[in-house]
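Peer 1: Shown below is the structure under consideration.
Residue numbers (my numbering): 11 to 582.
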């Protein structure tokens, strides 16, 4: 499975376990009749085994509400074993919320090791080295000395190379003050940090909470800028107490109101859901507040702090009416009288054709897919996503589209599963559109043909690192590229804790196998391999990588790499 954004999420054990993340390693198939396997290892603190620590294994495809986890408990020497595991991809982690991982090969925000477990396989040596985490605690008050209740407190790295980045602790990325204004954040790695509360200019504002005050961002103890705040030193197992913050003035909040009408008739439009998206980055930040237009077409959003915003429509039905994202500035007074005019959106229609299969059962699977259409209107404008359904003859029609560059993809109805189909190319009236389809204002396009390929093959393998070990903060991935094709990788996967990977639903054909170590200019010699996969088959790959000649940059310059799959539309 090939998108990190698809698989990296925080999971929660329902019996005494903290969040375990999803990692971008494709999940192995699970049979109803298989020989169970096991995962074993040791948990240590300062090199000594720790008894009584619960270690859990979670299915990597898990999403939604917690489900029972399979777990084991360390013995007197710190050894654990988790048994009865069917072949699958698992996230394995100890429950030790007051401690910190010392293995920098696992990003702190993941807090789990990924294991691809084969049928009947006994995996050993999945060890966890921990150290005691630190604590930061204090009180947040306003200018009158009154406690600031239910206010988020964030810890940020003091290291300028990680400027503005929040660190994850056992309590997550932030912690909330109680009814006394007191906060306590634990499970923090030793280091130097800044502590802050309130709303920054570069952050999307939180949803207004019943008209409560929004405070301007303040760094410990009472500074408006990070550079003017004091640094908090956290030691292993230590507690930095009395880290009290006095917030400054509250941010003023205003109302945004207006009316939505039809462009041609000027009649009011009821029932449209509007949202405000703060302009904090290219493409925009999260949607922060919303309002439903009344029978008279009126809308109003209150308690909005100053900033630059887009007003956008959030309605997700297949209405043909749309509005262009409306930018506006909120400075020092209410914004009133916005007039939003709906217009007839553009329409795309066409059909989907399977290129590499005539099997009726495969065609039936195609009809169960969701067609996603994503329109990008420009680098500084939020994109638009629409969903469409496929008719029994493979035809589709998607309306209410903005003008812009259009991309297509197919997704399973169950969003946790990976699609079996990939859009190979797009044609319009028989002419290929290699640079993507463009739809113009007032244009309705018919005769679009999406050629897709069906994938039923599996590629699995092992990356072996020779003459040394990779340093921490290097997260290798493997990706496939179709022989003879240009552009992005076809499929990518991160490695598990043993250097193994698996990619499913790969179409038959010939592929180049590549390893990405993201070493910032230092690339190890990786033997070029070309593999041929057959429909429904399993192809095994062994990839030796000699890392001895690699010149490793300092860890502070490294970041978690992103695989390079084909773009997937994301609806608003």
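Cβ atoms here follow ideal geometry from the backbone N, Cα and C, with glycine treated the same way.
Going by the CB atoms, is the gap between residue 411 and residue 449 shorter than 8 Å?
Peer 2: yes
Peer 1: Identify every run of the alpha helix (DSSP H) within the stretch 355-423, keeping only runs that are complete inside it and at least 4 residues long; order them along the chain.
Peer 2: DSSP runs (the alpha helix (DSSP H)) wholly in the stretch 355-423: 370-376.
Peer 1: With respect to the beta strand (DSSP E) encompassing residue 488, which residues constitute its N-terminal and C-terminal limits?
Peer 2: 487-492
Peer 1: Would the stretch 434-453 count as touching the stretch 393-408 if we require 3 or more Cβ pairs under 8 Å?
Peer 2: no
Peer 1: Three or more C-beta pairs under 8 Å: does that hold for the stretch 331-339 against the stretch 367-386?
Peer 2: no
Peer 1: Any contact of the stretch 357-368 with the stretch 340-349, i.e. 3+ C-beta pairs under 8 Å?
Peer 2: Taking 8 Å as the limit for Cβ pairs, the verdict is that the stretch 340-349 does not touch the stretch 357-368.
Peer 1: What does the Cβ neighbour count give for residue 186, buried or exposed, with the cut at 16 atoms within 10 Å?
Peer 2: exposed
Peer 1: Can you tell which of 549, 129, 518, 161 has the C-alpha that lies nearest to the C-alpha of residue 224?
Peer 2: Residue 224 has its Cα closest to that of 161, out of 549, 129, 518, 161.
Peer 1: Output the distance between the C-alpha atoms of residue 372 and residue 465, rounded to the nearest integer angstrom.
Peer 2: 10 Å
Peer 1: What are the boundary residues of the beta strand (DSSP E) that residue 266 is part of?
Peer 2: 264-272
Peer 1: May I ask you to report which of helix, strand or coil DSSP gives residue 86?
Peer 2: coil
Peer 1: Considering only C-alpha positions, which residue in the set 345, 492, 242 is nearest to residue 286?
Peer 2: 345
Peer 1: Please report how far the alpha carbon of residue 284 lies from the alpha carbon of residue 356, in whole angstroms.
Peer 2: Residue 284 and residue 356: Cα-Cα distance of roughly 20 Å.
Peer 1: Quick one: what does DSSP say residue 513 is sitting in, helix, strand or coil?
Peer 2: If DSSP states are grouped into helix, strand and coil, residue 513 belongs with the strands.
Peer 1: So, helix, strand or coil for residue 428, using DSSP?
Peer 2: coil
Peer 1: Helix, strand or coil, according to DSSP, for residue 601 in the structure here?
Peer 2: Because residue 601 is not part of the residues shown, which for the chain are 11 to 582, the question remains open.
Peer 1: In terms of DSSP beta bridges, what is residue 338 paired with?
Peer 2: Partner(s): 319.
Peer 1: Excluding five sequence neighbours on each side, which residues of the same chain lie with their C-beta closer than 7 Å to the C-beta of residue 442?
Peer 2: 435
Peer 1: Excluding the five sequence neighbours on either side, which residues of its own chain have a C-beta within less than 6 Å of the C-beta of residue 134, listed in chain order?
Peer 2: 50
Peer 1: Relative to the alpha-carbon of residue 58, which residue among 511, 141, 192 has its alpha-carbon at the smallest distance?
Peer 2: Taking only the C-alpha atoms, the option nearest residue 58 is 141.
Peer 1: Which word fits residue 275, buried or exposed, when buried means at least 16 other C-beta atoms lie within 10 angstroms of its C-beta?
Peer 2: exposed
Peer 1: Can you name the start and end residues of the beta strand (DSSP E) that residue 476 belongs to?
Peer 2: 467-476
Peer 1: Give the range of the beta strand (DSSP E) segment to which residue 109 is assigned.
Peer 2: 109-111
Peer 1: Between the alpha carbons of residue 189 and residue 148, how many angstroms are there, rounded?
Peer 2: 13 Å
Peer 1: Quick check on DSSP: helix, strand or coil for residue 332?
Peer 2: strand
Peer 1: For residue 164, is the classification buried or exposed, using 16 other Cβ atoms within 10 angstroms of its Cβ as the cut-off for buried?
Peer 2: buried
Peer 1: Taking the CB atoms as reference points, tell me whether residue 312 and residue 280 lie closer together than 8 Å.
Peer 2: no
Peer 1: Let me check one thing: in DSSP terms, what residues is residue 133 bridge-paired to?
Peer 2: 49
Peer 1: Under DSSP, the beta strand (DSSP E) around residue 209 begins and ends at which residues?
Peer 2: Per DSSP, residue 209 belongs to no beta strand (DSSP E) and is neither H nor E.
Peer 1: Could you check what DSSP says for residue 277 in three-state terms: helix, strand or coil?
Peer 2: coil
Peer 1: Just to check my reading of the structure: residue 151 and residue 158 have Cβ atoms closer than 8 Å, yes? What is that Cβ distance to the nearest angstrom?
Peer 2: Contact holds; Cβ gap of about 6 Å.
Peer 1: Would you mind sorting residue 540 into buried or exposed? The rule is 16 or more other CB atoms within 10 Å of its CB.
Peer 2: The residue in question, residue 540, is exposed, as its Cβ has fewer than 16 Cβ neighbours within 10 Å.
Peer 1: Exposed or buried, what is residue 523 when buried is set at 16 or more other beta-carbons lying within 10 Å of its beta-carbon?
Peer 2: buried
Peer 1: Quick one: what does DSSP say residue 100 is sitting in, helix, strand or coil?
Peer 2: In the three-state scheme derived from DSSP, where H, G and I count as helix and E and B as strand, residue 100 is classed as strand.
Peer 1: With a 10 Å radius around its C-beta and 16 neighbouring C-beta atoms as the bar for buried, classify residue 303 as buried or exposed.
Peer 2: buried
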